[in-house]
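**Q**
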Amino acid sequence: MKNKITMDYITYSEKLNYLLEMIEKEQLLSLKQASEKFDCSERTIRRMINMLREQGYQIKYSRKNMIYFIEKSKRTKFGLSSM
């Protein structure tokens, strides 16, 4: 399989970093595709995503677009009041 990542060649930490990079670049379309790319179960991918969430990443899943993404923080504009 093309571009398959095997557990034997990279560490779990490296896999987490690569998974995060894929999510940031919106290249991860589904659990199935990720599990095929990483050569592991969909449950393992869920665990990896949950671990990234525990590290503070706001990872969300869009059912409409079928993609994982990192939620951008909503920035509010604060105006200066005149005194």
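Using the numbering used here, the first residue of the sequence shown is number 19, and each one after it goes up by one.
Glycine included, each C-beta is placed from N, C-alpha and C at the ideal position.
Please read all numbers here as calculations on a predicted model, not as lab measurements.
(1) Taking 7 angstroms as the limit between beta carbons, can you name the residues of its chain near residue 48, skipping five residues before and five after?
(2) Within 10 Å of its beta-carbon, does residue 90 have 16 or more other beta-carbons around it, so buried, or fewer, so exposed?
(3) Helix, strand or coil: which one does DSSP assign to residue 63?
(4) Within 10 Å of its beta-carbon, does residue 14 have 16 or more other beta-carbons around it, so buried, or fewer, so exposed?
**A** Taking the definition as stated:
(1) In the sequence shown, residue 48 corresponds to position 30, counting from 1. For residue 48, where only same-chain residues beyond five positions count, the Cβ hits under 7 angstroms are 84.
(2) Working through the sequence shown from its first residue, we reach residue 90 at position 72. By the 10 Å Cβ count, residue 90 comes out exposed.
(3) For the purposes of this step, residue 63 is identified with residue 45 of the sequence shown, where counting begins at 1. Of the three classes helix, strand and coil, the one that applies to residue 63 here is helix, per DSSP.
(4) Nothing can be reported for residue 14, as the shown portion of the chain is limited to 19 through 101.
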